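Student:
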Amino acid sequence: MTDDVDVNNKIEKELDNICEDCKNIDESVTENLILSGYKLCKSCKTSKTLFPI
Ligand SMILES: [Zn+2]
5 MTDDVDVNNK IEKELDNICE DCKNIDESVT ENLILSGYKL CKSCKTSKTL
55 FPI
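One gets the working numbering by counting positions in the sequence shown from 1 and adding 4 to each.
1) Classify N13: buried if its beta carbon has 16 or more other beta carbons within 10 angstroms, exposed otherwise.
2) If I measure Cβ to Cβ from S32 and keep anything under 6 Å in the same chain, skipping five residues before and after, which residues do I get?
3) Any heavy atom of ligand 1 closer than 7 Å to the CB of L39?
4) Under 7 Å from any heavy atom of ligand 1, by CB: list those residues in chain order, please.
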């Protein structure tokens with residue numbers, strides 16, 4: 005049971021909608037994290053896709 009709480013807290017922290025790149029809060033951050041594994045907002049994901057480092 006305690007493990008479940010830890011996991012839930014970790015997921016909640018991951019789903020704070022804060023982009024790792026520009027630090028802006030955007031709903032698309034969680035969407036992109038689930039879909040692509042990148043914790044990025046819409047605009048950062050677009051720029052990374054167009055200009056991958
Ligand atoms: Zn961003």
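Glycine included, each C-beta is placed from N, C-alpha and C at the ideal position. Bear in mind the structure is a predicted one, so any value in this text is a computation, not a measurement.
Tutor: Looking at the coordinates:
1) N13 counts as exposed, since fewer than 16 other beta carbons sit within 10 angstroms of its beta carbon.
2) Excluding sequence neighbours, S32 sits near C45, K46.
3) Answer for L39: no, Cβ out of range of ligand 1.
4) Having a Cβ closer than 7 Å to some heavy atom of ligand 1 are C23, D25, C26, N28, D30, L44, C45, S47, C48.
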